[in-house]
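Numbering (the UniProt record's numbering), first residue to last: 1 to 424. We treat Cβ as the ideally placed atom computed from N, Cα and C, and that holds for glycine. In this text the structure is predicted, and so the values were computed from the model without any measurement. Written out below as structure tokens is the structure these notes cover.
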Amino acid sequence: MKCDATSVLPPTIIWISPRNEIIPSSSVKYQILNDGTLIIKKLTLADQGKYACVAWNPAGDNIKNVNLLVEVKGPQIKGHSGRTENKILAVYYQTLLLDCKAEGMPEPQITWTTPYGMSLPTPYLGGRFQVHRNGTLELRGIRKTDEGRFLCIAKNYLGEASLAVDLEVASLDEKPSFPVPNTEVLSLEADGDDISLECRATGKPKPEFLWILPNGTAMSPGMKLQWFFHYLGNGTLHIMQTGVIDKGVYQCLAKNVAGQAEKRYALEPGQKPHIRSTTLNMPCNADGCPQATIIWTLPNGLVLDKSQVIGRVTYLSNGTLQVKETSEFDRGSYTCKATNTFGSSTLSYPVSVMVFPPQITHAPPSITRVNRGSPVILNCIAAGIPKPDISWTLPGRTTLYNYSAQVISVLIQFSSITVLILQS
1 MKCDATSVLP PTIIWISPRN EIIPSSSVKY QILNDGTLII KKLTLADQGK YACVAWNPAG
61 DNIKNVNLLV EVKGPQIKGH SGRTENKILA VYYQTLLLDC KAEGMPEPQI TWTTPYGMSL
121 PTPYLGGRFQ VHRNGTLELR GIRKTDEGRF LCIAKNYLGE ASLAVDLEVA SLDEKPSFPV
181 PNTEVLSLEA DGDDISLECR ATGKPKPEFL WILPNGTAMS PGMKLQWFFH YLGNGTLHIM
241 QTGVIDKGVY QCLAKNVAGQ AEKRYALEPG QKPHIRSTTL NMPCNADGCP QATIIWTLPN
301 GLVLDKSQVI GRVTYLSNGT LQVKETSEFD RGSYTCKATN TFGSSTLSYP VSVMVFPPQI
361 THAPPSITRV NRGSPVILNC IAAGIPKPDI SWTLPGRTTL YNYSAQVISV LIQFSSITVL
421 ILQS
């Protein structure tokens, strides 16, 4: 509020509040400039009323009255009245700030409500939760149990406004994942039909997909290239009128804020493998006195305690278990148990049915050039049912084995002494 006063002798300006108190020239609430202008900081309803500006010098004084009316206003959060909603994704154990910028006259009071019913005033200092003076809620060390709706309520006597924040927490356990197997081998015919390669990954939030063709070309969702089309949304790659030219390894990458996963399709020319009709015989010759009773336990838990025929499985009179026309469903452990009054003995047959012979789908170039002293990674990816074991043979005829991973990376450090590091 301005107070312009002129005279031959420079006047002194004094402001008087509606409560007939002299206003200091500088305070937390007020400031009087050199030209007599009065500034009221953080205006509230309590500040309205009649202010008097007094200008005086030895020759006399003059008074100017200013009537201040404060316009009232209902609460608004981020410029919106009523209720607004928002969704936020946070990563496990990070710190998150939820803003709730509220305006109104009189100044609204801000309160936060958590998903489990806690009411947090402003300001609030707690354990992992804090509410700052500006209404911002700080969440420290976010946990999975913090998921849900956080509600910010700004209220004055004219009403209230609210902001609902639906919080989702993504942890490392929810990075994208594919149903097994992660590598599938499909056959191609010379003039085949269309093929759709699915990329069904689960994760939270929903993963984004990217396909890598055998020649290294990356295809983002919705992209079409020649006879390849990457569908938008579900991650499926469609290949029209497949042929031998389409052979190779196709990679689907699924990624979200928590991490990424990969699925591979190996397209090879030829026909689908089929299982030969072979017969498996597992003898169980037991010696003992008195004669032992033989009991067979199948991988599915079925128990055979006498000669009988169940489907393709036959328990022969000599104790031998016979499985006809074996298939991949017959794999597992078959246990023979011989028992008499003096004790028992067991014999197990771990059965693995070769459905698809091992095939290397990705190998390093036959000649790999590297600089002396720098590491080199040689990848070997193989597919087969059952899952094949991979071994590496080094130039010195040393053989390295690894049965816990499909990909073996060998780091070779070239120097006067060769150092070998095996990475799973």
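| Query | Result |
| --- | --- |
| Among the residues of its own chain, which have a CB less than 7 angstroms from the CB of GLY384, if the five just before and after it don't count? | PHE356, PRO357, PRO358, GLN359 |
| Give every residue of the same chain whose Cβ lies closer than 6 angstroms to the Cβ of GLY148, excluding the five residues on either side of it in the sequence, and list them in chain order. | PRO115 |
| I need the DSSP call for ALA46, collapsed to helix, strand or coil. | helix |
| By Cβ distance below 6 angstroms, which residues in the same chain neighbour ALA338 in space, the five residues on each side in sequence not counted? | ALA286, ALA292, ILE294, SER345 |
| For CYS3, count the other beta carbons within 10 Å of its own beta carbon; 16 or more makes it buried, fewer makes it exposed. Which is it? | buried |
| Should LEU210 and SER220 be called a contact, given that it needs their Cβ atoms to be closer than 8 angstroms? | yes |
| Return the chain-ordered list of same chain residues with a C-beta closer than 7 angstroms to the C-beta of ALA363, the five sequence neighbours on each side being excluded. | CYS380 |
| In terms of residues, what are the limits of the beta strand (DSSP E) holding SER348? | 343-351 |
| Rounded to a whole number of angstroms, what is the C-alpha to C-alpha distance between THR202 and GLU168? | 16 angstroms |
| Comparing alpha-carbon positions, which option in GLY343, LEU400, PRO10 lies nearest ASP61? | PRO10 |
| In whole angstroms, what is the alpha-carbon distance linking ASN86 and TYR401? | 52 angstroms |
| The beta strand (DSSP E) spanning TRP112 covers which residue range? | 109-113 |
| Verify whether the separation of the beta carbon atoms of ALA5 and ALA55 is less than 8 angstroms. | yes |
| Using C-beta distances below 8 angstroms, list every residue in its chain close to SER162, excluding the 5 sequence neighbours before and after it, in chain order. | ILE77, GLY82, ARG83, THR84, LEU151, CYS152, ILE153, ALA154 |
| Would you report the Cα separation of PRO365 and SER333, rounded to the nearest angstrom? | 39 angstroms |
| Can you list the beta strand (DSSP E) stretches of 3 or more residues lying completely in the UniProt domain "Ig-like" (181-268), in chain order? | 183-188, 195-197, 208-212, 228-230, 237-239, 248-256 |
| Buried or exposed: GLY36, going by 16 or more other Cβ atoms within 10 Å of its Cβ? | buried |
| Quick one: is PRO24 buried, meaning 16 or more other Cβ sit within 10 Å of its Cβ, or exposed? | exposed |
| Three or more beta-carbon pairs under 8 angstroms between the stretch 31-51 and the stretch 118-130, yes or no? | no |
| Who does GLU160 pair with in a DSSP beta bridge? | LYS155 |
| Reducing DSSP to helix, strand and coil, say where ASP61 ends up. | strand |
| Classify residue 425 as helix, strand or coil using the three-state DSSP reduction. | Nothing can be reported for residue 425, as the shown portion of the chain is limited to 1 through 424. |
| Quick one: residues in its chain with C-beta nearer than 7 angstroms to the C-beta of SER177, no 5 flanking neighbours on either side, listed in chain order? | ALA201, THR202, GLY203, ALA261 |
| State the Cα-Cα distance for the pair GLY205 and GLY259, rounded to the nearest angstrom. | Just to set this straight, residue 205 is Pro in the shown sequence, not Gly. If you take the alpha carbons of PRO205 and GLY259, they lie about 11 angstroms apart. |
| Taking the straight line between their C-alpha atoms, what separation do you get for VAL91 and ILE142? | 7 angstroms |
| Please list the terminal residues of the continuous beta strand (DSSP E) segment that includes PHE356. | 356-362 |
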